Amino acid sequence: MRNFWIVVAVVGAATVALKSAGPVFLGGRELPALALRVVELLAPALLAALVAVQIFGGDRELVLDARVPGLLAAALALLARAPIVVVVLVAAAATALARALG
Amino acid sequence: MRAALPIAPMSLVFGVSFGVLAEAEGLGVLAPIVMSATTFAGSAQFAAISVLETAGGIFAAISAAVLLNARYAPISLTVAPSLGGALLRRLLESQAIVDESWAVAQVGSGRVDRRLLIGAGLTLYACWVGGTTAGVLGGGLLGDPETYGLDAAFPALFLALLIQQLGSRRALAAALAGAGLALVLVPFSSPGVPIIAATAACLVGLWRR
Chain A
5 MRNFWIVVAV
15 VGAATVALKS
25 AGPVFLGGRE
35 LPALALRVVE
45 LLAPALLAAL
55 VAVQIFGGDR
65 ELVLDARVPG
75 LLAAALALLA
85 RAPIVVVVLV
95 AAAATALARA
105 LG
Chain B
2 MRAALPIAPM
12 SLVFGVSFGV
22 LAEAEGLGVL
32 APIVMSATTF
42 AGSAQFAAIS
52 VLETAGGIFA
62 AISAAVLLNA
72 RYAPISLTVA
82 PSLGGALLRR
92 LLESQAIVDE
102 SWAVAQVGSG
112 RVDRRLLIGA
122 GLTLYACWVG
132 GTTAGVLGGG
142 LLGDPETYGL
152 DAAFPALFLA
162 LLIQQLGSRR
172 ALAAALAGAG
182 LALVLVPFSS
192 PGVPIIAATA
202 ACLVGLWRR
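These protein sequence lines map, in sequence, to chains A and B.
Every number in my numbering is 4 more than the matching position in the first sequence, counting from 1.
Every number in my numbering is 1 more than the matching position in the second sequence, counting from 1.
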């Protein structure tokens with residue numbers, strides 16, 4: 005229990021530092037053109053990685069489970085140009101359904 | 002605020018489940034709430050308590066959580082041009098950064114909108130800390146969030162936001178490379194590493210157009 009407070013303190017301090025690194029050191033300044041070309045691709049690269057890992061990632065293995073129908077349902081909802089709230093709800097419902105049936 | 006609408010309820014439910022889990026681990030009432038209020042990064046917090054749960058030491062718990070949050074360093078770089086003003090203000094405003102607030106605040110060409118970021122960040126913060134408090138104090142009632150398919154909800158959001166980002170061929174290449182790199186690394190590295198390694202995919206930006 006006392007150990008957990010150490011975890012809380014260290015992780016909290018590290019996270020504050022990581023989140024503020026860019027704004028504190030560069031705040032308000034424009035990035036150089038070359039850096040901007042790299043940084044503007046960070047969003048697609050990271051978002052795609054988050055999707056991939058959160059759907060197929062297991063404990064040090066890749067798994068196919070009830071999350072996959074959720075992703076497929078989300079993709080279909082996006083094709084149908086549904087608003088984001090609907091996309092998210094459809095994905096959760098599909099995964100919940102697949103899990104209940106499985 | 003409206004930008005955070007699709008994700009606020011999920012953040013609340015995840016907050017509750019974090020509170021329930023932490024309390025069940027015997028980590029007390031106050032410490033989990035303080036952690037949600039200061040760390041404010043769901044995946045790292047879940048990782049820390051799951052390491053402790055499996056009898057890992059505090060060093061293992063800390064490194065798992067910090068590794069997961071290391072992605073916020075490059076993310077904060079993309080936010081830097083949007084946050085000006087005094088040092089303390091930049092420090093405070095940058096704490097609104099979480100995956101979801103950063104993702105919904107994208108306005109194209111790698112830029113984020115400051116007001117969207119902070120509005121979404123504050124909304125998510127209230128839900129996350131409020132949810133954690135509810136969870137440690139008397140959660141249990143809700144059961145396992147996976148029953149509701151909530152683990153598919155965030156990737157669905159990220160997919161929706163990703164589609165809006167795929168305006169150029171280079172963006173598509175970065176997305177495919179990022180996802181590929183991350184998946185290849187999952188079996189061989191600790192959680193967090195695949196996501197951080199995937200940021201290397203943005204180096205395709207150095208290619209000539």
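Here a beta-carbon is modelled for each residue, glycine too, at the ideal position from N, C-alpha and C.
Here the structure is a predicted model, which means the values were calculated and not measured.
The Cβ-Cβ distance between residue 17 (chain B) and residue 206 (chain B) does not fall below 8 Å. When the Cα atoms are used, residue 169 (chain B) and residue 43 (chain A) turn out to be separated by approximately 14 Å. When DSSP reads this structure, residue 112 (chain B) sits in a beta bridge with B:109. For residue 79 (chain B), the uninterrupted alpha helix (DSSP H) segment begins and ends at 73 to 80. Under DSSP, residue 61 (chain A) forms a beta bridge with A:66. DSSP, read as helix, strand or coil, puts residue 145 (chain B) in coil. With 16 or more other Cβ atoms inside 10 Å of its own Cβ, residue 129 (chain B) counts as buried.
Neighbourhood of residue 205 (chain B) in chain A, by CB distance below 9 Å: 42, 45, 49, in chain order. Residue contact check for residue 27 (chain A) against chain B: a CB pair falls below 8 Å.
In this structure, residue 49 (chain B) sits near residue 15 (chain A), with a CB-CB distance shorter than 8 Å. Contact annotation for residue 32 (chain A) against chain B: 81, 82, 83, 84, 85, 86, 91 [CB-CB distance below 9 Å, chain order]. When 7 Å is used as the limit between beta carbons, residue 136 (chain B) is near no residue of chain A, the shortest such separation being about 16 Å. Secondary structure note for residue 39 (chain B): its alpha helix (DSSP H) is the uninterrupted segment 31 to 39. Rounded to whole angstroms, the separation of the alpha carbons of residue 69 (chain B) and residue 194 (chain B) is 7 Å. Taken atom to atom, the span from the alpha-carbon of residue 37 (chain A) to that of residue 63 (chain A) is near 39 Å. Per DSSP, the unbroken alpha helix (DSSP H) holding residue 166 (chain B) starts and ends at 151 to 166. Under the DSSP assignment, residue 72 (chain A) falls in the alpha helix (DSSP H) whose first and last residues are 71 to 83. Within the same chain, and ignoring the five residues on either side of residue 75 (chain A) in sequence, the residues whose Cβ sits closer than 8 Å to its Cβ are 55, 59, 95.
The C-beta of residue 68 (chain A) comes no closer than 8 Å to any C-beta of chain B.
In this structure, the straight-line span from the alpha carbon of residue 121 (chain B) to that of residue 99 (chain B) is close to 9 Å. Residue-level contact by beta carbon holds for residue 64 (chain A) and chain B, with a gap shorter than 8 Å. DSSP, reduced to helix, strand and coil, places residue 6 (chain A) within a helical segment of the structure shown.
In this structure, the beta-carbon distance from residue 14 (chain B) to residue 146 (chain B) falls below 8 Å.
Restricting attention to A:89, A:50, A:91, A:100, the CA atom closest to the CA of residue 173 (chain B) is found in A:50.
In this structure, residue 32 (chain A) lies away from residue 75 (chain B), with their beta-carbon atoms at least 8 Å apart. Closest in alpha carbon position to residue 154 (chain B), among A:99, A:103, A:104, is A:99. Within 10 angstroms of the beta-carbon of residue 67 (chain A) lie fewer than 16 other beta-carbons, which makes it exposed.
Residue 106 (chain B) and residue 84 (chain A) have their C-alpha atoms roughly 23 Å apart. Collapsing the DSSP output to three states places residue 99 (chain B) in coil.
Cα atoms of residue 81 (chain A) and residue 156 (chain B): separation of roughly 14 Å, rounded to the nearest angstrom. Judged by beta-carbon spacing, residue 80 (chain B) lies within the 8 Å limit of residue 103 (chain B), meaning their Cβ atoms are closer than that value. Taking the Cα positions, residue 196 (chain B) is about 22 Å away from residue 39 (chain B).
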